[in-house]
Amino acid sequence: MSKYYSKTKAFNLLLNYWSKHRPISEEHARWLKENCTAHIVKSEQILYAEGDRQKKIYFVSEGILARRKLTPKKKKQQLLAIAPPTYGLFTTKHTHSLTPAEGDIIALRSGLLVSIPYTSLALEGFKHLGLDEFSRQLVNKKKALLDKLRPLAFERDAMERYLRFARDLPELCSILWQQEQADLIDVSISTVQRGFSRL
2 MSKYYSKTKA FNLLLNYWSK HRPISEEHAR WLKENCTAHI VKSEQILYAE
52 GDRQKKIYFV SEGILARRKL TPKKKKQQLL AIAPPTYGLF TTKHTHSLTP
102 AEGDIIALRS GLLVSIPYTS LALEGFKHLG LDEFSRQLVN KKKALLDKLR
152 PLAFERDAME RYLRFARDLP ELCSILWQQE QADLIDVSIS TVQRGFSRL
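Everything in the sequence shown is counted per this note's numbering, starting at 2 for the first residue and increasing by one.
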């Protein structure tokens, strides 16, 4: 059976996430629908190309996003960041930055997203809704995930790097394909396959 996707569902999933952190009212839903955009995306769809002047957060309602960097000859890709459901990727370093983020933002899976313009987070009539708090939560979640990934880069032994990844980030290990895991932690696919057999 094919999966059901709708833009309304994308908004509702975001509101459901938000409601776990603060009381949600009709005003929150109105802000979302009037100022943000829901997207139904396909696997491999590019939302943001490196260097674009977008100023948005892409919130993942369903699916997986990644920040991808291609080598000059485009023979190999590196995944710089992953955003599973309820995470977000930013098109700049942060919401107050003018510096474009490194890499493209690409959908690893078909799914549902909500794009949130930075300008919508600063609207005078809606500040009481806790928009700053909402964006900070997404920043903090992104940083927490990167903090878990960063130590892996200092592990020289490829097999040990994979085993630490599987141990410390089981939530990513379980949703990423083996090639994606290899691209994320910079090991070979054969290392991932051999490591998987040892788990």
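The beta carbon of each residue, even a glycine, is placed where N, CA and C say it ideally should be.
Model, not experiment: these values are computed from the prediction.
message: What does the alpha-carbon distance come out to for the pair V140 and G89?
response: Whole-angstrom Cα-Cα distance: 8 Å.
- prompt: What number of angstroms, rounded off, separates the C-alpha of G196 from the C-alpha of E51?
  reply: One C-alpha to the other measures close to 33 Å.
- prompt: Does the stretch 60 to 74 come close enough to the stretch 125 to 133 that 3 or more CB-CB pairs lie under 8 Å?
  reply: By the criterion of at least three beta-carbon pairs nearer than 8 Å, the stretch 125 to 133 is not in contact with the stretch 60 to 74.
query: Going straight from the alpha carbon of I186 to that of L80, what length do you get?
result: So the alpha carbons of these two residues sit roughly 8 Å apart.
- request: Kindly indicate the opening and closing residues of the beta strand (DSSP E) around T38.
  value: Taken as a continuous stretch (DSSP letters only), the beta strand (DSSP E) holding T38 covers 38 to 42.
- prompt: What are the start and end residues of the alpha helix (DSSP H) that includes G196?
  reply: Counting along the chain, the alpha helix (DSSP H) containing G196 begins and ends at 190 to 197.
K142 - DSSP class collapsed to helix/strand/coil: In the structure shown, K142 sits in a helix (DSSP, three-state: H, G or I).
message: Taking only three categories from DSSP, how would you classify A201?
response: Beyond the ends of the chain as shown, which are 2 and 200, falls residue 201; an answer cannot be given.
field: Residue from I190, Q46, E35, V115 whose Cα sits closest to the Cα of Q179
entry: Ranking I190, Q46, E35, V115 by Cα distance to Q179 puts I190 first.
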